[in-house]
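These notes are about the structure you will find just below.
Protein chains: 2
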Amino acid sequence: MVTLHDVAKFSGTSVGTVSRVLNGSPHVSEVARLRVLRAIDELNFTPNRAAQSLRTSRTTLAGLIVPDITNSFFGALARALARELWAHDYGLILADTAESLEKQTEALDALGKRGVDGLFLVPTTSTRDIANPLNIPLVTLDRTLADLPGVTSDNRQGTSLAVSYLHGWGHRRIATIVGPTTCSTAAERLEGYATTTRALGIYSRSLIREGPFSYAFGKQAMEELLDEPTRPTAVIASNDSQAIGALHACAGRGLRVPQDISICGFDGSELASHLSPSLTSVKQPISTMATHGARLMLELIETGTAGSGAVLLTDLTIGESCSVPPSH
Amino acid sequence: MVTLHDVAKFSGTSVGTVSRVLNGSPHVSEVARLRVLRAIDELNFTPNRAAQSLRTSRTTLAGLIVPDITNSFFGALARALARELWAHDYGLILADTAESLEKQTEALDALGKRGVDGLFLVPTTSTRDIANPLNIPLVTLDRTLADLPGVTSDNRQGTSLAVSYLHGWGHRRIATIVGPTTCSTAAERLEGYATTTRALGIYSRSLIREGPFSYAFGKQAMEELLDEPTRPTAVIASNDSQAIGALHACAGRGLRVPQDISICGFDGSELASHLSPSLTSVKQPISTMATHGARLMLELIETGTAGSGAVLLTDLTIGESCSVPPSH
DNA sequence: GCCGCATTTGGAATCGTTTCCACGGGCCGT
DNA sequence: ACGGCCCGTGGAAACGATTCCAAATGCGGC
Numbered sequence: 000m001v002t003l004h005d006v007a008k009f010s011g012t013s014v015g016t017v018s019r020v021l022n023g024s025p026h027v028s029e030v031a032r033l034r035v036l037r038a039i040d041e042l043n044f045t046p047n048r049a050a051q052s053l054r055t056s057r058t059t060l061a062g063l064i065v066p067d068i069t070n071s072f073f074g075a076l077a078r079a080l081a082r083e084l085w086a087h088d089y090g091l092i093l094a095d096t097a098e099s100l101e102k103q104t105e106a107l108d109a110l111g112k113r114g115v116d117g118l119f120l121v122p123t124t125s126t127r128d129i130a131n132p133l134n135i136p137l138v139t140l141d142r143t144l145a146d147l148p149g150v151t152s153d154n155r156q157g158t159s160l161a162v163s164y165l166h167g168w169g170h171r172r173i174a175t176i177v178g179p180t181t182c183s184t185a186a187e188r189l190e191g192y193a194t195t196t197r198a199l200g201i202y203s204r205s206l207i208r209e210g211p212f213s214y215a216f217g218k219q220a221m222e223e224l225l226d227e228p229t230r231p232t233a234v235i236a237s238n239d240s241q242a243i244g245a246l247h248a249c250a251g252r253g254l255r256v257p258q259d260i261s262i263c264g265f266d267g268s269e270l271a272s273h274l275s276p277s278l279t280s281v282k283q284p285i286s287t288m289a290t291h292g293a294r295l296m297l298e299l300i301e302t303g304t305a306g307s308g309a310v311l312l313t314d315l316t317i318g319e320s321c322s323v324p325p326s327h
Numbered sequence: 000m001v002t003l004h005d006v007a008k009f010s011g012t013s014v015g016t017v018s019r020v021l022n023g024s025p026h027v028s029e030v031a032r033l034r035v036l037r038a039i040d041e042l043n044f045t046p047n048r049a050a051q052s053l054r055t056s057r058t059t060l061a062g063l064i065v066p067d068i069t070n071s072f073f074g075a076l077a078r079a080l081a082r083e084l085w086a087h088d089y090g091l092i093l094a095d096t097a098e099s100l101e102k103q104t105e106a107l108d109a110l111g112k113r114g115v116d117g118l119f120l121v122p123t124t125s126t127r128d129i130a131n132p133l134n135i136p137l138v139t140l141d142r143t144l145a146d147l148p149g150v151t152s153d154n155r156q157g158t159s160l161a162v163s164y165l166h167g168w169g170h171r172r173i174a175t176i177v178g179p180t181t182c183s184t185a186a187e188r189l190e191g192y193a194t195t196t197r198a199l200g201i202y203s204r205s206l207i208r209e210g211p212f213s214y215a216f217g218k219q220a221m222e223e224l225l226d227e228p229t230r231p232t233a234v235i236a237s238n239d240s241q242a243i244g245a246l247h248a249c250a251g252r253g254l255r256v257p258q259d260i261s262i263c264g265f266d267g268s269e270l271a272s273h274l275s276p277s278l279t280s281v282k283q284p285i286s287t288m289a290t291h292g293a294r295l296m297l298e299l300i301e302t303g304t305a306g307s308g309a310v311l312l313t314d315l316t317i318g319e320s321c322s323v324p325p326s327h
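As given, the protein sequences belong to chains A and B, one line each in that order. Take numbering that gives the first Met the number 0: the final residue in the first sequence is number 327, and no numbers are missing along the way. Take numbering that gives the first Met the number 0: the final residue in the second sequence is number 327, and no numbers are missing along the way.
Printed below as a string of structure tokens:
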């Protein structure tokens, strides 16, 4: 392994000077800088991270804890985040909790002990009993947690958008299938739904179903809704899995989408656009989320001061699954 | 930060002894071991990874390079691998190449420079022009690459299984939509298809379409196949995205699946089982792949000797998308 | 009772970087 | 012309672990 010392010897300078060049210190003459750079190139020198870490107590490593990396939404988030961090010479260590709070705690602890410089967390639930292991910069993504800095979508605005869109088609009985409200995103989506339907005078408690973010629950909830005395003409789900479940529940009852009932998803996954009918869905700005998150984190690491986080506006991806309500 | 020194002082021993306890050296008296353990516990000591790395030149960090982490297949692989490695106290750094060979090379280089102890690679193409950066243990997953040790599914057996299954239903014109054959998995799947159809005497060159592992190509290829003078009665795709594309191409032509045509996927993603009709698909043993891969890697790191890799048998997940061919 | 061997222990060197301190030399102002 | 400054540089200490070497201890055999 070629070290700073070798570079110093080769370039006829000292380790101090080489290090200064490496770190872009201004206190180095142009001629020395060039000789050092040449030597670095010649010897194909790469600084030893372990030694740097030991000296500076920074690892240029961040951790990402997600509840389910097989979900393409989190996959896309991880990809964007990793790319952003690479660009700043940070590595990203992945941990998947499978929606288990216990595993989340373990991951937090393990990553903390490993000495990552910062931790991105998509919390399983929004209850604030997590221990910030070693006072490491912590940034939440997608789902918020207490007063931690984080980047999230404007979930209220998202469902509001969906409600307005459906209302615009003429729907009046708009139901919602919502995720577990222990999770901030689900709670906010429900809130946006409630606020907007109330404002439009079409709110009804009986049109709300709360449960897991899963295909199975989407299906079950949809079946319940279809059993209501006056069935809804449109449904807004809290993610695309639920929406697909709902879609299939309708298919199972012989209902056509969107002729008989309209369905709107949440996430805007690529998958959803490949269904038939393709899903109309509230689309979250995943890569912006990653970019902002990374920026926030780097700021937090470098300066120690918390930027305030961000709430990103969502968009509606128009598919074929929403249309006018059936005439009655 | 509490160090070895502090522990030594607290326990009335020396750094040497503490280190020996930490590393399970046998040359430590029972009484000393207990005092040290007690001190470690009391002071809540955690060894500093950077210092360990510097001294031992091992980072207990591995890298994973995948072509597309938003694909739930690779998501599942990453999750299983991460879990397995955590259990052995290794962290996993994620890199996503978005199927770009250039990004793959960059990632290989960056992870090498970062000093990971080993590298898991799902290569974008199987052409062997990648440079193993610093002679780091390299294990391929899913897709093979030259003579590198790796773990893969038995893709020939997989398609063979699918062909036999469809043949058993009575199908004789069985087509295949295959991934890019620069990729080993696609090449092998094609091979298994060709071998088995030939053995059954139903091979026909005109029933093969090769292209990207994408929804779009699946759809396009299916449309081409449907335009053939004598259309196939069954199709085997090379992954689930292609299969869904094929499904939609059929739907677009008013063909019912499986009454008019049978479709079989490859991967066995959860998504596929949620379609209607649910997809019959060749299922790969993802977590076994991760377990074997991790085992291989750890062996390679500890002993330097390459285990031979493994080829894992696949299974068929029966869905609703395959049935008897239409009577003619 | 003493010598020697085996077992445990303490302490120092080492890994490769960053950073601080001290020194030498050129330049400016008086 | 001389004193003070500032800039560039070399060298050494420090980060916190592992590991080697030598010393100390205890034990059995003669």
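Using N, Cα and C, we set each Cβ at its ideal position, and we do this for glycine too. Since we're looking at a predicted model, the values are computed, not measured.
For residue i, which residues does DSSP report across the bridge?
i      : result
A94/B  : I64/B
D266/B : K282/B
F119/B : L63/B, V138/B
V310/B : T151/B
E209/A : V177/A
S261/A : A233/A
For residue i, which residues of its own chain have a beta-carbon under 7 Å away from its beta-carbon, when the five flanking residues on both sides are left out?
i      : result
V115/A : T58, L60, A61, G62, I92, I135
S205/A : E227
A31/B  : T12, T16
V6/A   : V17, V35, A38, I39, L42, F44
K8/B   : none
A106/B : I64, A94, T96
Would you call residue i buried or exposed, if buried means 16 or more other Cβ atoms sit within 10 Å of its Cβ?
i      : result
G200/A : exposed
R155/B : buried
N70/B  : buried
S240/B : buried
Q258/B : exposed
R78/B  : buried
H4/A   : exposed
M296/B : buried
P325/B : exposed
L299/A : buried
M0/B   : exposed
N238/B : buried
Name the two residues that bound the continuous beta strand (DSSP E) containing residue i.
i      : result
T316/B : 314-316
I201/B : Unbroken run through I201/B: none, as it is neither H nor E.
A233/B : 233-236
Which residues in the same chain have their Cβ closer than 8 Å to the Cβ of residue i, if we skip the five residues on either side of it in sequence?
i      : result
V162/B : I173, G191, Y192, T195, T196, L199, I235
H26/B  : R19
D88/B  : T59
G157/A : R188, G191, F265, V281, Q283, T313
I68/A  : G74, A77, L93, D95
Taking residue i as part of the alpha helix (DSSP H), name the residues at either end of that continuous run.
i      : result
T16/B  : 14-21
T104/A : 100-113
I243/A : 239-251
T55/A  : 48-55
S71/A  : 71-86
R32/A  : 29-42
M331/A : Lying before the first or after the last residue shown, residue 331/A is absent from chain A, which here runs from 0 to 327.
S322/B : That residue, S322/B, is in no alpha helix (DSSP H); it is neither H nor E in DSSP.
L3/A   : 3-10
At a cut-off of 6 Å, is residue i close to the ligand MG when judged by its beta-carbon and the heavy atoms of the ligand?
i      : result
A174/B : As far as ligands go, the structure on display features none, and thus does not contain the ligand MG.
I'd like the list of long-range same chain contacts for residue i, defined as Cβ closer than 6 Å, with 5 residues on each side in sequence excluded.
i      : result
T184/A : R142, N154
Residues, ordered as in the chain, of the segment 268-287 of chain B that lie near chain A by beta-carbon distance below 7 Å
L270, H273, S275
Along the segment 7-24 of chain A, where does the CB come closer than 9 Å to a CB of chain B? Name the residues.
none
Using a Cβ-Cβ cut-off of less than 8 Å, give me the residues of the segment 113-124 of chain A that come near chain B, in sequence order.
R113, G114
For the segment 232-253 of chain A, which residues have a beta carbon sitting closer than 7 Å to at least one beta carbon of chain B?
I243, H247, A250
At a CB distance below 7 Å, what residues from the segment 86-116 of chain B approach chain A? Give them in sequence order.
G90, L91, I92, L93, A94, D95, A109, K112, R113, G114
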